[in-house]
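Residue numbers (the working numbering): 2 to 447. Structure first, then comments.
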Amino acid sequence: MVRWYRSLFLRIFLWFWLMVFFSMTVAIGVIVWLEDDYYREANTQEIRLLRTIVETQRPILAEERRFWRRLRPGWNLVITPLDNISQLPHDIEEFADEAAERSQILWGQDDGWQMIGPVSRGNYLYVAVARSGWQGVLEDENRWLIPVTVVLVVTLMCSLLAWSMTRPVRRLQGAVKRLAQGDFDMSALSKTYRRHDEIGALTQEVIDMADALQRLLHSHQQLLRDVSHELRSPLTRLQIALAIARKKDENGVLGSEHDRIERAVGQVDNLIGQMLDLARLQQQDQAELLREEDIVQERLQEWLDDAEIESNDHKLSIRCDIDSAPVKANWDWLLVERAFDNILRNAIRFSPEGAELVVRCHERNGVVALSVRDFGPGVPEEELSRIFDAFAQVDSARDHASGGYGIGLALVSRITELHNGKVVAQNQSPGLQVTLSMPVSDKKSS
């Protein structure tokens, strides 16, 4: 339960008002600071500067039209007749009156202008005038900078708020994505977990869900192993009983029945073996692979030679499209052979007699693609993503009688995953093509 003072709603609400208050404070503070008017007695350096300006610059008569626009960047020398001081611009007139009242040479700041003076020479009054560096932004033509500044400050604060909220959400999104891929490691959420708001509570729920899923999966795999082992004992006794029955049936009267029983027992034995292998592979990690470097083409040819007898029995021909340049790969060859053999024998099993199988092997950018295409019935498009799940049955063409238990392709998927690869099935009209893509080394394929 998230406490009210740690609520994400309260944080957003307070952040909004803090942002408004801060923006108003900055805007008012800038205006007050930039428009702060004051006068003081000029120091020695400023008096020396005034004399230099009087001696070197061409004066500008204060009565001239568009006086302020005639001023140059930097210091300007402004003059007016002593008997016509009232014609000075209001700011300079106030400055001159203040200096006369104090009987001092002053330095002053007023409405974005700096002034030094005044001094009298002959019948004229001289004042040095310059635009203040920052105060100029408050001139009428630059007033738009104030709302722009406020908008920039508000944008910055909103960005900080959005970043503080979206960063843990993105981290949580990545963890959930990895969880969907079977990675139960939630250590990346440790920082998000320590938050005491709704996002932190959601993170804790995700971590708990990952732990529960991991325990459930582990118990499922343990049950699968236990059931498989328990089935082995009665299956062995059944095989022994079948052998005894065959021996007693000296005349072979029950030979066909014994053959059917033997085939059924063999199917069950094969299924149990695949279940145990799948459970073992699901617990195995990449560090346990028995990797060995060898040439892919040589191994592939051996596997094709081994399958030649079965393909000939089905009157199938195998056409090969294999890269001629030798490709070395660092794989666990026993597992890869099993994956390829499973795909190849599935293609043989579901191909019509006299058809052709197409085997391809190509290497691109360090990734080897092994594919087998048959010309059988294929798989419904909506079922393609499911055929690599354990015990998936997609249609009547892949039933128990033909050996389609849904275990073999699950083994293929797990083996390629252990090699940082992927397996893809595509309908070819007619037929189905299954492609294994695996990097030649232990790096992940893109």
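Glycine included, C-beta positions come from ideal geometry on N, C-alpha and C.
Buried or exposed (CB count within 10 angstroms, at least 16 for buried), residue i
{"i": "threonine 204", "result": "buried"}
{"i": "glutamine 105", "result": "exposed"}
{"i": "aspartate 209", "result": "exposed"}
{"i": "valine 297", "result": "buried"}
{"i": "threonine 417", "result": "buried"}
{"i": "glycine 175", "result": "exposed"}
{"i": "isoleucine 80", "result": "buried"}
{"i": "proline 119", "result": "buried"}
{"i": "proline 148", "result": "exposed"}
{"i": "proline 381", "result": "exposed"}
{"i": "alanine 163", "result": "exposed"}
{"i": "cysteine 362", "result": "buried"}
{"i": "glycine 432", "result": "buried"}
{"i": "aspartate 111", "result": "buried"}
{"i": "valine 152", "result": "exposed"}
{"i": "histidine 230", "result": "exposed"}
{"i": "tryptophan 114", "result": "buried"}
{"i": "phenylalanine 351", "result": "buried"}
{"i": "leucine 161", "result": "exposed"}
Alpha helix (DSSP H) segment containing residue i, residue limits
{"i": "asparagine 77", "result": "Here asparagine 77 belongs to no alpha helix (DSSP H); instead the beta strand (DSSP E) covers 77–82."}
{"i": "alanine 1", "result": "Nothing can be reported for residue 1, as the shown portion of the chain is limited to 2 through 447."}
{"i": "serine 414", "result": "409–419"}
{"i": "histidine 91", "result": "91–103"}
{"i": "aspartate 314", "result": "309–314"}
{"i": "glutamine 46", "result": "45–57"}
Separation of residue j from residue i, as counted between CA atoms
{"i": "glycine 404", "j": "aspartate 270", "result": "With a pLDDT of 46 at glycine 404, under the threshold of 50, the modelled position of this residue cannot be trusted; read the value that follows with caution. So the alpha carbons of these two residues sit roughly 12 Å apart."}
{"i": "glycine 183", "j": "serine 24", "result": "48 Å"}
{"i": "proline 327", "j": "isoleucine 310", "result": "26 Å"}
{"i": "glutamine 302", "j": "glutamate 354", "result": "23 Å"}
{"i": "isoleucine 262", "j": "aspartate 212", "result": "44 Å"}
{"i": "valine 266", "j": "valine 228", "result": "16 Å"}
{"i": "glutamine 429", "j": "alanine 288", "result": "36 Å"}
{"i": "leucine 317", "j": "valine 359", "result": "11 Å"}
{"i": "alanine 411", "j": "glycine 422", "result": "14 Å"}
{"i": "phenylalanine 14", "j": "valine 21", "result": "11 Å"}
{"i": "leucine 335", "j": "valine 254", "result": "42 Å"}
{"i": "leucine 78", "j": "alanine 101", "result": "18 Å"}
{"i": "histidine 219", "j": "serine 438", "result": "28 Å"}
{"i": "isoleucine 61", "j": "threonine 53", "result": "16 Å"}
{"i": "valine 177", "j": "glutamate 206", "result": "11 Å"}
{"i": "glutamate 294", "j": "serine 442", "result": "9 Å"}
{"i": "isoleucine 237", "j": "arginine 216", "result": "Note that residue 237 is threonine in the sequence shown here, rather than isoleucine. The alpha-carbon atoms of threonine 237 and arginine 216 are separated by roughly 32 Å."}
{"i": "proline 82", "j": "leucine 51", "result": "18 Å"}
{"i": "isoleucine 93", "j": "serine 87", "result": "10 Å"}
{"i": "glutamate 56", "j": "glycine 123", "result": "14 Å"}
{"i": "aspartate 400", "j": "arginine 12", "result": "Annotation note: pLDDT 46 at aspartate 400 (below 50); position unreliable, no value reported."}
{"i": "alanine 315", "j": "valine 170", "result": "Residue 315 is actually histidine in this sequence, not alanine. The straight-line gap from Cα to Cα measures roughly 56 Å."}
{"i": "glutamate 251", "j": "isoleucine 245", "result": "11 Å"}
{"i": "threonine 45", "j": "leucine 107", "result": "11 Å"}
{"i": "isoleucine 319", "j": "alanine 202", "result": "58 Å"}
{"i": "aspartate 342", "j": "leucine 277", "result": "18 Å"}
{"i": "asparagine 85", "j": "glutamate 42", "result": "24 Å"}
{"i": "threonine 1", "j": "alanine 28", "result": "In the structure displayed, the chain extends from 2 to 447; residue 1 sits before or after that span and is not available."}
{"i": "serine 121", "j": "tyrosine 127", "result": "6 Å"}
Minimum Cβ-Cβ distance from residue i to chain C less than 8 Å
{"i": "proline 378", "result": "Any reference to chain C falls outside this structure, which holds one protein chain only."}
Span of the beta strand (DSSP E), counted from its first residue to its last, around residue i
{"i": "leucine 433", "result": "433–440"}
{"i": "leucine 107", "result": "107–111"}
{"i": "asparagine 428", "result": "423–428"}
{"i": "glutamate 42", "result": "39–42"}
Identified DSSP bridge partners for residue i
{"i": "cysteine 321", "result": "Val360"}
{"i": "glutamine 115", "result": "Gln110, Ala131"}
{"i": "lysine 329", "result": "Ile296"}
{"i": "alanine 370", "result": "His363, Ser438"}
{"i": "valine 120", "result": "Tyr127"}
{"i": "leucine 62", "result": "Ile80"}
Ordered list of beta strand (DSSP E) runs contained in the segment 243–280, each at least 3 residues
none
Just list the alpha helix (DSSP H) runs in the segment 174–251, keeping only unbroken ones of 4 residues or longer that don't cross its boundaries, in chain order.
191–194, 199–249
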